[in-house]
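Residue numbers (this note's numbering), protein chains in the order written: chain X, 12 to 214; chain V, 12 to 214.
Heads up, the beta-carbon is just placed ideally off N, CA and C, and yes, glycines get one too.
These numbers were taken from a predicted model, which means no experiment stands behind them.
Below you'll find the structure, written out as structure tokens, and then a few comments.
Protein chains: 2
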Amino acid sequence: MPGKKASEAERREQILRAARRVAMRDRLDGLTIRNVAREAEVSSGLVFFHYSTKDALLEALLEWLLERTIVAEIGPDILRHETAVEQLLALLEQELQRLSMHRDQLELFFDFWVIGRRDTTIRTMISQALDRYRASFRPFAAAVIAQNPERYADMTAEGLALLVVSVIQGCAIQVIKDPNPIDLKPMLQTVYALLGRSDAVEV
Amino acid sequence: MPGKKASEAERREQILRAARRVAMRDRLDGLTIRNVAREAEVSSGLVFFHYSTKDALLEALLEWLLERTIVAEIGPDILRHETAVEQLLALLEQELQRLSMHRDQLELFFDFWVIGRRDTTIRTMISQALDRYRASFRPFAAAVIAQNPERYADMTAEGLALLVVSVIQGCAIQVIKDPNPIDLKPMLQTVYALLGRSDAVEV
DNA sequence: CCACGTATTGACCCTTTGGTCAACACCATG
DNA sequence: CATGGTGTTGACCAAAGGGTCAATACGTGG
């Protein structure tokens with residue numbers, strides 16, 4: 012006995028929201044069509060009606076995840092710093108802070124990562140998101156080098172951006188490695204020392 | 012119609028080897044008891060006879076993987092360097108090189124990583140392996156700081172070791188991000204510039 | 001050469017899951 | 001008020017996979 016009707020867009024949103032809740036709670040291996048349907052309080056058939064296949068639903072979910080996880084927001088908190096080095100460091104610190112919160116999103120990302128080894132579409136989506144992410148660090152890296160060429164000789168903007176992003180991604184692994192979160196402060200302090208700033212910072 | 016008998020240890024080894032081949036070829040989602048049995052040319056029942064459950068087989072497989080993947084070998088190639096900085100950098104370079112080869116083992120590791128979010132035993136095994144890995148960098152980090160305290164003020168051995176390991180793990184993600192391998196050289200060059208060595212190196 | 005423990009087999013069970021589909025209810029329109 | 005298109009349902013299907021188990025072959029000790 013079918014229930015009320017709803018518009019295409021509404022229902023898709025409703026189902027996607029349910030999928031998000033399920034995924035955040037039970038991870039990807041708990042994300043079954045039936046679970047999503049139950050969470051959205053609709054039938055399993057309806058999920059297939061709006062998302063023809065589970066992969067389609069996964070891709071919609073990943074799109075949402077990527078644009079709120081693998082994005083470096085360049086706001087006034089970053090740009091208000093004077094020197095390029097300080098801006099880059101502020102960006103790094105901001106991203107590390109974002110990692111420490113949002114562990115659940117991080118874990119979900121790694122779930123998708125593993126699926127992506129198999130599914131070309133997902134793999135490509137992730138790869139492009141990570142490329143964009145790294146690209147957003149590049150101008151800052153270039154500015155750092157330009158501002159003090161003799162000290163930062165032998166560096167390239169590409170290399171520095173890749174280094175910073177690698178540190179962030181490595182820290183992502185550290186953050187979700189075990190239940191009790193790790194303290195990234197000593198590491199951040201070390202980076203500051205290497206790149207030239209020395210004032211202590213909160214993490 | 013049962014086949015030949017074999018000793019306990021022999022059969023376990025034979026099955027584990029088969030499991031390794033299957034895992035390296037088809038990833039963890041292709042690692043079914045039936046696949047392992049076929050690869051080992053035994054029956055599926057026999058796999059359960061020697062590994063009472065699939066999890067037990069997975070743990071045996073993970074143990075093998077960890078001790079050949081998440082281990083920093085400190086050989087003469089590292090220790091022959093004069094300064095502590097050079098030793099640490101040589102170690103870093105060696106590990107990055109190891110990443111670039113062994114992509115398959117890396118991907119397998121991430122498969123286990125995701126499973127480990129669910130399975131406490133696997134999670135603990137991975138966590139401990141990573142802790143040991145980081146610990147093996149610690150003495151080198153400490154030596155670096157001790158050798159030039161005024162330059163590396165504000166650093167701690169713990170922080171530097173964590174930084175180096177984070178870089179390696181971040182690069183691991185870069186390495187398997189997309190099919191065609193990335194070039195880590197510019198990044199390594201940047202690290203050399205930051206930590207003080209300037210001669211070019213092969214990767 | 002007999003008997004007993006054990007290694008080995010493969011059919012079988014049960015659960016889960018992605019996906020299909022015929023039936024049915026809802027709503028707009030004529 | 002009929003009617004057709006479409007949103008919606010839940011039963012059903014097939015495949016896959018972990019695990020069980022009775023039957024059976026093998027080897028060894030008596």
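*asked:* 9 Å is my cut-off, CB to CB: does R38(V) come that close to chain X?
replied: In the second sequence, the residue the question calls residue 38(V) occupies position 27. Taking Cβ atoms only, chain X reaches closer than 9 Å to R38(V), which makes this a yes.
_Just to make sure I have the definition right: I need the residues of chain V whose C-beta is within less than 7 Å of the C-beta of L223(X). Which are they?_
Any question about residue 223(X) goes unanswered here, given that chain X covers just 12 to 214.
_Nearest to E161(X) (by Cα), restricted to the options V155(V), I126(V) and A204(V)_ = Residue numbering aside, residue 161(X) sits at position 150 when the first sequence is read from its first letter. Measuring from the Cα of E161(X), the nearest candidate turns out to be A204(V).
*Just to confirm, are L199(X) and L103(X) a CB contact at a threshold of 9 Å?*
The residue given as residue 199(X) occupies position 188 in the first sequence. The residue given as residue 103(X) occupies position 92 in the first sequence. With contacts defined as CB atoms closer than 9 Å, L199(X) and L103(X) qualify as a contacting pair.
*Is it buried or exposed for F4(V), if we count other Cβ within 10 angstroms and need 16 for buried?*
In the structure displayed, chain V extends from 12 to 214; residue 4(V) sits before or after that span and is not available.
*Considering only residues of the region 122–202 of chain V, which uninterrupted alpha helix (DSSP H) runs meet the minimum length of 4 residues and lie entirely inside it, listed in chain order?*
Restricting attention to alpha helix (DSSP H) runs no shorter than 4 residues, the region 122–202 of chain V encloses them at 131–158 and 168–188, ordered along the chain.
*Can you grab the Cα-Cα spacing for the pair D194(X) / G181(X), in whole Å?*
Counted from its first residue, the first sequence places residue 194(X) at position 183. Counted from its first residue, the first sequence places residue 181(X) at position 170. D194(X) and G181(X): Cα-Cα distance of roughly 14 Å.
*Bounding residues of the alpha helix (DSSP H) (the contiguous stretch that carries S55(X))*: Residue mapping note: residue 55(X) aligns to position 44 of the first sequence, counting from 1. In the DSSP assignment, S55(X) falls within the alpha helix (DSSP H) that extends over S55 to H61.
_Given this structure, state the Cα-to-Cα distance separating R128(V) from Q158(X), to the nearest angstrom._
Locating residue 128(V) in the second sequence gives position 117, counting from the first residue. Locating residue 158(X) in the first sequence gives position 147, counting from the first residue. Each residue's alpha carbon lies about 44 Å from the other.
_Cβ-Cβ separation, V155(X) to A95(X) (assumed contact under 8 Å), whole Å_ = For the purposes of this step, residue 95(X) is taken as residue 84 along the first sequence, with counting starting at 1. For the purposes of this step, residue 155(X) is taken as residue 144 along the first sequence, with counting starting at 1. About 5 Å separates the Cβ atoms of A95(X) and V155(X), confirming a contact at the 8 Å cut-off.
_Quick check: the region 134–144 of chain X against the region 67–84 of chain X, are at least 3 beta-carbon pairs closer than 8 Å?_
With a cut-off of 8 Å, the region 134–144 of chain X and the region 67–84 of chain X count as touching, because enough Cβ pairs lie within range.
*Reducing DSSP to helix, strand and coil, say where G86(X) ends up.*
Translated into positions along the first sequence, residue 86(X) becomes position 75. The answer is coil: DSSP assigns G86(X) none of H, G, I, E or B.
*Checking contacts by CB at 9 Å: is M136(X) closer than that to chain V?*
Residue numbering aside, residue 136(X) sits at position 125 when the first sequence is read from its first letter. No, its Cβ sits nowhere closer than 9 Å to a Cβ of chain V.
*Going straight from the alpha carbon of H113(X) to that of S18(V), what length do you get?*
Taking the first sequence and counting its residues from 1, one reaches residue 113(X) at position 102. Taking the second sequence and counting its residues from 1, one reaches residue 18(V) at position 7. H113(X) and S18(V): Cα-Cα distance of roughly 50 Å.
_Buried versus exposed call for D122(X) [16 or more other C-beta atoms within 10 Å across all chains shown]_ = Locating residue 122(X) in the first sequence gives position 111, counting from the first residue. That one is buried.
*Does DSSP classify M112(X) as helix, strand or coil?*
Locating residue 112(X) in the first sequence gives position 101, counting from the first residue. In the structure shown, M112(X) adopts coil according to DSSP, grouped into three states.
*Using only alpha-carbon positions, find the residue among D37(X), E24(X), A146(X) and E84(X) that is nearest to R109(X).*
As a working mapping, residue 109(X) is identified with position 98 in the first sequence. Of the listed residues, the one whose Cα sits closest to R109(X) is E84(X).
*What residues from chain X crowd round P197(V), counting only those whose CB sits closer than 7 Å?*
Taking the first residue of the second sequence as position 1, residue 197(V) is located at position 186. Listed along chain X are T167, E169, G170 and L173, each with a C-beta nearer than 7 Å to that of P197(V).
*Tell me which same chain residues have a C-beta within less than 7 Å of the C-beta of A34(V), skipping the five on either side of it?*
Taking the first residue of the second sequence as 1, we reach residue 34(V) at position 23. Result list for A34(V): L42, L72 and L119, in chain order.
_7 Å CB neighbourhood of A30(V) in its chain, flanking five on each side removed_ = For this step, residue 30(V) is matched to residue 19 along the second sequence. So the qualifying residues of the chain are L42, V47, L68 and L72.
*To the nearest angstrom, report how far apart K196(V) and D165(V) are at their CA atoms.*
One-based indexing of the second sequence puts residue 196(V) at position 185. One-based indexing of the second sequence puts residue 165(V) at position 154. When rounded, the distance between both Cα atoms is 28 Å.
_Per-residue contacts from D130(V) into chain X (C-beta, under 8 Å)_ = For the purposes of this step, residue 130(V) is taken as the residue at position 119 of the second sequence. At a beta-carbon threshold of 8 Å, none of the residues of chain X lie near D130(V); the nearest stands roughly 11 Å away.
*Relative to chain X, which residues along the region 105–123 of chain V have a C-beta separation below 9 Å, given in chain order?*
So the close ones are E118, F121 and D122.
*Can you round the beta-carbon distance between V125(X) and V186(V) to whole angstroms, since I take them to be within the 8 Å contact cut?*
In the first sequence, residue 125(X) corresponds to position 114, counting from 1. In the second sequence, residue 186(V) corresponds to position 175, counting from 1. Their Cβ separation, rounded to whole angstroms, is 15 Å, which puts V125(X) and V186(V) out of contact at 8 Å.
*asked:* Just to make sure I have the definition right: I need the residues of chain X whose C-beta is within less than 7 Å of the C-beta of I184(V). Which are they?
replied: Taking the first residue of the second sequence as 1, we reach residue 184(V) at position 173. Those are Q180, listed as they occur along chain X.
*Taking Cβ to Cβ, would you say L173(V) is nearer than 9 Å to T201(X)?*
Stepping through the second sequence from its first residue, residue 173(V) is reached at position 162. Stepping through the first sequence from its first residue, residue 201(X) is reached at position 190. T201(X) is positioned such that its CB atom lies closer than 9 Å to that of L173(V).
*So is A30(V) in contact with chain X if we call contact Cβ pairs under 9 Å?*
Residue numbering aside, residue 30(V) sits at position 19 when the second sequence is read from its first letter. So, not an interface residue.
*Roughly how many whole angstroms lie between the Cα atoms of A168(V) and I184(X)?*
For the purposes of this step, residue 168(V) is taken as the residue at position 157 of the second sequence. For the purposes of this step, residue 184(X) is taken as the residue at position 173 of the first sequence. Pairing A168(V) with I184(X), the inter-Cα distance amounts to about 20 Å.
*In whole angstroms, what is the alpha-carbon distance linking F148(V) and D142(V)?*
As a working note, residue 148(V) is residue 137 in the second sequence. As a working note, residue 142(V) is residue 131 in the second sequence. Between F148(V) and D142(V), the C-alpha separation is close to 10 Å.
*Is the beta carbon of A146(X) sitting closer than 9 Å to the one on L99(X)?*
Position 135 of the first sequence, counted from the start, is the residue given in the question as residue 146(X). Position 88 of the first sequence, counted from the start, is the residue given in the question as residue 99(X). Taking 9 Å as the Cβ cut-off, A146(X) and L99(X) do not qualify as a contacting pair.
*Excluding the 5 residues preceding and the 5 following Y144(X) in the sequence, name in chain order all residues of the same chain whose CB lies nearer than 8 Å to its CB.*
In the first sequence, counting from the first residue as 1, residue 144(X) sits at position 133. Result list for Y144(X): I81, V82, A83 and V176, in chain order.
_Coil, strand or helix - I26(X) by DSSP_ = Walking along the first sequence from the start, residue 26(X) turns up at place 15. I26(X): helix per DSSP, three-state reduction.
*If we ignore side chains and look at the alpha-carbon of each, how far apart do S63(V) and E70(V) end up?*
Taking the first residue of the second sequence as position 1, residue 63(V) is located at position 52. Taking the first residue of the second sequence as position 1, residue 70(V) is located at position 59. Linking S63(V) to E70(V) through their CA atoms gives a straight-line distance of about 12 Å.
_Contact residues within the region 43–54 of chain V, judged by C-beta distance below 8 Å to chain X_ = Here the close residues number zero.
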